[in-house]
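In the numbering used here, the protein residues as written are 1 to 571. C-beta: ideal position from N, C-alpha, C; glycine also. A short write-up of the structure that comes next.
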């Protein structure tokens, strides 16, 4: 899909998908004046379908997407530079991620979620209007319609889960519209089910065009949808089909969890669907920036400077103490596979030397070291650990004195961050291929659906069905893959251990950072309880009504039927 998705859209299509009227409902009012020219030729139609995929680039691999889909949960909180640059020890400005600035015109809610999804949906509606008159080959027409219907379902899912009742538009908007009504959640999901039924029936099992939706990926998404709506057996059936039914097509868990995040192994057997970011960064709508947000401030430490290998530290998001505590690093490879804990010195100019006073204070083993470096380039310069290390053992009086941040340096006992600059850093999205240390843009793809997720969807569905043995089976498949050598038996669980909270803990260990957590907690009804229990930054602020996002105020102001189109409660 690198080739097809790179096609430059015609001016007509750009107008169709993006034209906004300042004082009207911008997300509903794309111009249709050139739609016929775009959609009535096979090439134009294919280009329009390709364009529907690109709206995912507004959320996946972007700061707004992490803030809306991963943050504000039990497993992540604010690092030093989220919500405004702060000095050491200061409290960050109140951002979206701690439910302190969820105002009715929050810019990311409006421009990156609401408007982008509706623009994509309107493009899908335009395409469906012309699908029978575009001159498509008979074999191609149902496949393209299946892609269109899948994409419409995908974007409506993001809207209905985020906002609840939302306008349900199934025809293209052409011209100015100043009225809107909100369809019920049930009605929106009924349409999602219809679109997904068509998609799963007509999509191909495989594709040579990487990034294009396929039947297994659509079934994986459908399993989530049925689980979300309480149709547990159907969810279980679809999830089972995905995890067991396509091994002949090469769909299977990779052997090593860490290899999932190897940049050279992005397109592996576990990825069902991904946002396809190009190595030509001009095609990427800002590229994938996920590699920057979870990195701590390593570059200001002795022996360190910012480089390509260690990444561009934006210091936005850090794990909660709760998340770090979920991993048993003696048994589970996912901790070291997910988090970077040690940094090797790369800057000889900042490596400190022993002073005479230090040698005098710590004479044992230090004699003769006055004026010599404490460590060399290539030695460990920084270690972050989720263990508690007594002060006497923190390496300050040893010959090679690298900096250690243990769990007690990073967090207070109640979980509030003590040091928002230094912490174990998520490494899943690293990009060692960036041209220079100052380049933030990345060509790494952003996974939307992967098989490890669907194993746990199967487990959750079977738990809801009361089939705990089956739920444990799926969980143990994931835990077997995650086990360190010789620790497989220690990683196995029994049916009696399966609870909804255990499944959510397992999803955190497996999927941390992968932009599914907010929807996971919303689906299971655990958002409020888990944030209040495990995220001290957000706990004082989250309210019951925060299970929905606010409708953009500018849209409420623009409609003429204000009594029919109201804000969500609480905003």
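Looking at the DSSP output, residue 288 sits in a beta bridge with 442. Restricting attention to 111, 42 and 98, the CA atom closest to the CA of residue 55 is found in 111. Residue 167 and residue 129 do not touch by the CB rule: their CB atoms are close to 18 Å apart, not below 8 Å.
With respect to the 9 Å criterion, residue 410 and residue 78 are not classified as neighbours on the basis of their beta carbons.
Within the DSSP bridge table, the entry for residue 315 names no partner. With a beta-carbon spacing of about 11 Å, residue 67 and residue 102 fall beyond the 8 Å limit used to define contacts. Counting the other CB atoms within 10 Å of its CB gives residue 140 a total below 16, which places it among the exposed residues.
DSSP places residue 62 outside any beta strand (DSSP E), giving it a letter other than H or E. The three-state secondary structure of residue 77, taken from DSSP, is strand.
Contact between the segment 466–481 and the segment 301–315 is absent: fewer than 3 CB-CB pairs across the two stretches fall below 8 Å.
Around the beta-carbon of residue 390, fewer than 16 other beta-carbon atoms lie within 10 Å, marking it exposed. In this structure, DSSP gives residue 340 an extended state, which the three-state scheme calls strand. Contact holds between the segment 347–360 and the segment 374–391, because three or more Cβ pairs, one in each stretch, are under 8 Å apart. Following the DSSP letters along the chain, one finds residue 403 in no alpha helix (DSSP H) but inside the beta strand (DSSP E) bounded by residues 403–405. Apart from the 5 residues on each side of it in sequence, residue 508 sits with its Cβ closer than 8 Å to the Cβ of 74, 75, 323, 326 and 517 in its chain, given in chain order.
A straight line joining the alpha-carbon of residue 179 with that of residue 557 spans about 11 Å. For residue 511, the enclosing alpha helix (DSSP H) begins and ends at 500–511. At least 9 Å separates the beta-carbon of residue 82 from that of residue 320.
Here the alpha carbon of residue 63 sits roughly 7 Å from the alpha carbon of residue 293.
In this model, residue 46 and residue 290 are separated by some 29 Å (Cα to Cα).
Within 10 angstroms of the beta-carbon of residue 436 lie fewer than 16 other beta-carbons, which makes it exposed. Counting the other CB atoms within 10 Å of its CB gives residue 529 a total below 16, which places it among the exposed residues.
As the crow flies, the alpha-carbon of residue 500 is around 37 Å from that of residue 298. If you draw a 10 Å sphere on the C-beta of residue 205, you find fewer than 16 other C-beta atoms in it, and that means exposed. Of 421, 569 and 386, the smallest CA-CA separation from residue 413 is found for 386. Buried is the label assigned to residue 338, since at least 16 other Cβ atoms lie within 10 Å of its Cβ. For residue 353, the secondary structure class from DSSP, reduced to helix, strand or coil, is strand. As computed with DSSP, residue 417 is found in a beta bridge with 411.
Around the CB of residue 496, fewer than 16 other CB atoms lie within 10 Å, so the residue is classed as exposed. In this structure, the straight-line span from the alpha carbon of residue 124 to that of residue 265 is close to 32 Å.
Around the CB of residue 388, fewer than 16 other CB atoms lie within 10 Å, so the residue is classed as exposed. In this structure, the beta-carbon distance from residue 151 to residue 331 does not fall below 9 Å. Residue environment: residue 72 is assigned as buried (16 or more neighbouring CB atoms within 10 Å of its CB, all protein chains considered). For residue 380, no alpha helix (DSSP H) encloses it; the enclosing beta strand (DSSP E) starts and ends at 380–384. In this model, residue 245 and residue 489 are separated by some 27 Å (Cα to Cα). Excluding its 5 nearest sequence neighbours in each direction, residue 44 has C-beta neighbours in its own chain below 6 Å: 38, listed in chain order.
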